[in-house]
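Enquirer:
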Amino acid sequence: MPPDYRAWHEFELALPQNNLELPYPQGKTGKYVRVSNHVTKLGWGNHIQEMIMNAHMSFESGRTFVFYNWTWEPNTRYHYTTFGSHYSPARIPITAYVEGPIAGGAFPPQDDMSPAVSWEFFDQACPNPTKIDVDPNSGELAWASARTISNHYADKIRNIDNHCVEFVSKSNKPIFDYILFGDGGRLSDVWEELIASPIVTEWTWSSLVMSIAEQNRDFIHPALESGASQRTPLSGLIALHIRRGDYPAHCKYLRKYHAPFHGFNQRTDFADHYPLPSNERWAADSQAYYDTHCIPDMNKMVEKVMRVRETHSEKGTLDRVYILTNGDRAWLREFEDALRAKATWASIHSSRELALSPEQKFVAQAADMMVATRAEVFVGNGFSSLTSTVNLLRVAQHRSPDTTRFW
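Each number in this note's numbering corresponds to the 1-based position in the sequence shown with 342 added.
1) Just to confirm my understanding: we take T610, look at its own chain, exclude 5 residues before and 5 after, and list those with CB closer than 6 Å. What are they?
2) Mind the definition here: the stretch 413 to 425 touches the stretch 504 to 518 only if three or more C-beta pairs lie below 8 Å; say whether that holds.
3) How big is the Cα-Cα spacing for E352 and V408?
4) On the DSSP bridge assignment, give the partners of T424 in chain order.
5) What residues in its chain sit with their C-beta under 8 Å from that of L529, if we drop five residues either side in the sequence?
6) At 3 residues or longer, and completely inside the stretch 454 to 523: list those beta strand (DSSP E) runs for me, N to C.
7) What span of residues does the alpha helix (DSSP H) with R651 cover, start to end?
8) Does the pairing of the stretch 362 to 372 with the stretch 387 to 399 give three or more beta-carbon distances under 8 Å?
9) Report buried or exposed for S549, applying the criterion of at least 16 other Cβ atoms within 10 angstroms of its Cβ.
10) Counting only runs of 4+ residues fully inside the stretch 582 to 624, write out the alpha helix (DSSP H) ranges in chain order.
11) Determine the extent of the alpha helix (DSSP H) in which H389 is found, giving its start and end residues.
12) From which residue to which residue does the beta strand (DSSP E) around Y722 run?
13) Cβ atoms of F464 and Y374: under 8 Å apart, would you say?
14) If you drop the 5 nearest sequence neighbours on each side, which residues of the same chain put their C-beta closer than 6 Å to that of R716?
15) Does the stretch 479 to 498 come close enough to the stretch 435 to 449 that 3 or more CB-CB pairs lie under 8 Å?
16) Using the Cβ count rule (16 or more neighbours within 10 Å means buried), how would you classify R662?
17) In chain order, which continuous runs of the beta strand (DSSP E) of length 3 or greater are located wholly inside the stretch 666 to 692?
18) In chain order, what are the residue ranges of uninterrupted alpha helix (DSSP H) at least 4 long that sit wholly in the stretch 721 to 748?
19) Helix, strand or coil: which one does DSSP assign to G447?
20) Apart from the five residues on each side of it in sequence, which residues of its chain come closer than 6 Å, Cβ to Cβ, to L728?
21) Could you pull the DSSP bridge partners for L579 from this structure?
22) Tell me which same chain residues have a C-beta within less than 7 Å of the C-beta of M343, skipping the five on either side of it?
23) Which residues in the same chain have their Cβ closer than 6 Å to the Cβ of P345, if we skip the five residues on either side of it in sequence?
24) Looking only at C-alpha atoms, which of L660, L681 and F704 sits nearest to T745?
25) Thinking I584 and I517 are a contact (beta carbons under 8 Å), I'd like their distance in whole angstroms, please.
26) Anyone know if the C-beta pair for W547 and A708 falls short of 8 Å?
27) Can you tell me the Cα-Cα spacing of K657 and S742, whole angstroms?
28) If we ignore side chains and look at the alpha-carbon of each, how far apart do P469 and L355 end up?
29) Does the beta-carbon of E402 have 16 or more other beta-carbons within 10 angstroms, so that it is buried, or is it exposed?
30) Should W485 go down as buried or exposed, given a rule of 16 or more other Cβ atoms within 10 Å for buried?
31) Starting from the Cα of E645, find the closest Cα among L582, P451, R597 and A349 and give me that residue.
32) Residues bridged to R376 by DSSP?
33) Which of the three DSSP states is assigned to A547 in this structure?
34) So, are the CB atoms of A738 and I436 less than 8 Å apart?
35) May I have the straight-line CA-CA distance separating F748 from G724, to the nearest angstrom?
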C-alpha cells in the first residue's frame, strides 16, 4: 500500500494558526475563504497551478486562505486508490510538497496577512459559511481572462459580511479550470500580479522534497547541499523535461482541438516561439507540428540540446544534464548515449535513477520542478502544465527569459 502521509496531516492540524481562541484577524472571528470546488483527478502540475490562483485570489481579497490536499480520489475514506494497475495515494497533504504562504507559512511583514489555515479548522470556525456557486463556463465570466475572474471573486468575497466564505459548484467546476490554464491569452494579464504575489515570491519547497534532491545530489548537481538556499542557481546544468508515458495519446488529443502551448509557456520574452499552423495549412502541417513540439523524436531532441548548449556557450558551459521524465529506461539509456556521442558531459542523469523512499516517491515530481526552476537552462515541453509552472517560478525568481527553451 502507498504511504498515508499521516505525519504531514498531523503537522497541518497542529499549526498554531488553527486556534479558535486567537484574537482577530485570526481565531473564530477571522475572515476565511475555502475553495471546496478545487480540482481533483488531475496531476500535480494542474493542481498546483489552480491552487496558486486560488491562494492569490484569497490574498487579493484580504481573506485568509484555507489550504487543501492534492486530491486524486475525493470520494473514498481510505488513504489509497488505484491508478491503472497500481495503488497510489488518494490524497497528499500540500505541506508534503511545499511550504510558504500557500501552505500555512508566514507572509512577509509588509503584507499584514494571516497565515493560511487547515480544511479542518475552517469546519470548526465556520459552521455557517456564505456559499458561492461557481460555473466558469456560463454567464459574464465565460472565457474571461484570469485577472478578470480573480478580481471578480476577490471583490465579491471582500464585500460579504459573513466572516466565512466557501466556494462550491453544483456543476462540479473549479473557479479556474484547465481550459483557462491552457490559454496564454487569458492568462497574460495575471502574469505580473502573480510574479509579485507573496504566494509565488515566498515559494518554498518542503523538507521532504528537498530531501530527495539532497540525498540524490550526486546524480543531479553538487550544489544541492543540506541547508543551502533553495534559490541558488545550479550552474552548468541544463534540465530537460521529456514527457513520454501517456503523451503520444495526449498529443493526438491536443492536435484534435488545435491546442497551443500551455498558458504560462506563452510569454513574449521567452526564446522559442512556435505559432500554430494556420487554418489553411492545418491538415498539411499540424501532424508535423505536434510531432516536433509535443512528442519529439530522439534525434530532434539531441539536436536541440546541442544547439542550446552552443547558443549558451558565451554565458557559460552547460556540462551537466538532468532529465525530468516518465520515459522508458531503455529509451533513456539510448538518449543519454546519443548525447554523450555528441559532446563531453560531466554528468547525465534522469529522475528514473533517483533513490526514493515510499513517501518521496509520490512527491518526486516536485523535486523535478525544483531542479528545473534552478537550472541554468531549462528545455521544457510547451504543452505541459509542469513545464508551465516551472516557467512561472523561473520568471518570479529572476531567471533570464532566454534560458527558458522548448522542444
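Virtual Cβ for every residue (Gly too), placed ideally from N, Cα, C.
Expert: If we stick to the structure as given:
1) Counting only Cβ-Cβ distances below 6 Å, and skipping sequence neighbours, we find nothing.
2) Segment contact: the stretch 413 to 425 against the stretch 504 to 518, fewer than three CB-CB distances shorter than 8 Å; contact not assigned.
3) So the two alpha carbons sit approximately 16 Å from each other.
4) Beta-bridge pairing by DSSP links T424 to Y429.
5) Residues of the same chain with a CB within less than 8 Å of the CB of L529, apart from the 5 flanking positions on each side, are S487, A488, L522, F523, G605, F606 and Q608 in chain order.
6) As far as the stretch 454 to 523 is concerned, its whole beta strand (DSSP E) runs of at least 3 residues are 472 to 475 and 506 to 510.
7) Bounds of the alpha helix (DSSP H) holding R651 are M640 to H654.
8) Flag = no, the stretch 362 to 372 and the stretch 387 to 399 do not touch.
9) Per the 10 Å Cβ criterion, exposed.
10) If we require 4 residues or more, the alpha helix (DSSP H) runs fully inside the stretch 582 to 624 come out as 589 to 598.
11) In this chain, the alpha helix (DSSP H) harbouring H389 covers W386 to S403.
12) Per the sequence presented here, residue 722 reads as Gly, with Tyr not at that position. For G722, the enclosing beta strand (DSSP E) stretches over residues A717 to G722.
13) Their beta carbons are under 8 Å apart, which means Y374 touches F464 by this criterion.
14) For R716, where only same-chain residues beyond five positions count, the Cβ hits under 6 Å are P575 and L576.
15) Short answer: they don't touch.
16) Looking at its Cβ environment, which holds 16 or more other Cβ atoms inside 10 Å, R662 is buried.
17) Listed in chain order, they are 689 to 692.
18) As far as the stretch 721 to 748 is concerned, its whole alpha helix (DSSP H) runs of at least 4 residues are 727 to 738.
19) G447 falls in the coil class under three-state DSSP.
20) G387.
21) The bridge partners DSSP lists for L579 are R662.
22) Y422 and Y429.
23) Non-local beta-carbon contacts of P345 in its own chain, meaning distances under 6 Å to residues more than five positions away in sequence, involve P700 and E701 in chain order.
24) Among L660, L681 and F704, the Cα nearest to that of T745 is on L660.
25) The pair is not a contact, with the Cβ atoms about 32 Å apart (cut-off 8 Å).
26) Yes; because the gap between Cβ atoms is below 8 Å, this pair is in contact.
27) Their Cα atoms are separated by approximately 12 Å.
28) Here the alpha carbon of P469 sits roughly 18 Å from the alpha carbon of L355.
29) Label assigned to E402: buried.
30) Looking at its Cβ environment, which holds fewer than 16 other Cβ atoms inside 10 Å, W485 is exposed.
31) Among L582, P451, R597 and A349, the Cα nearest to that of E645 is on L582.
32) DSSP, once it has assigned bridges, lists E508 as partnering R376.
33) Here the sequence assigns Trp to residue 547, which means Ala is not the residue at that position. It is a strand residue.
34) In this structure, I436 does not lie closer than 8 Å to A738 by Cβ.
35) Approximately 6 Å, taken between the alpha carbons.
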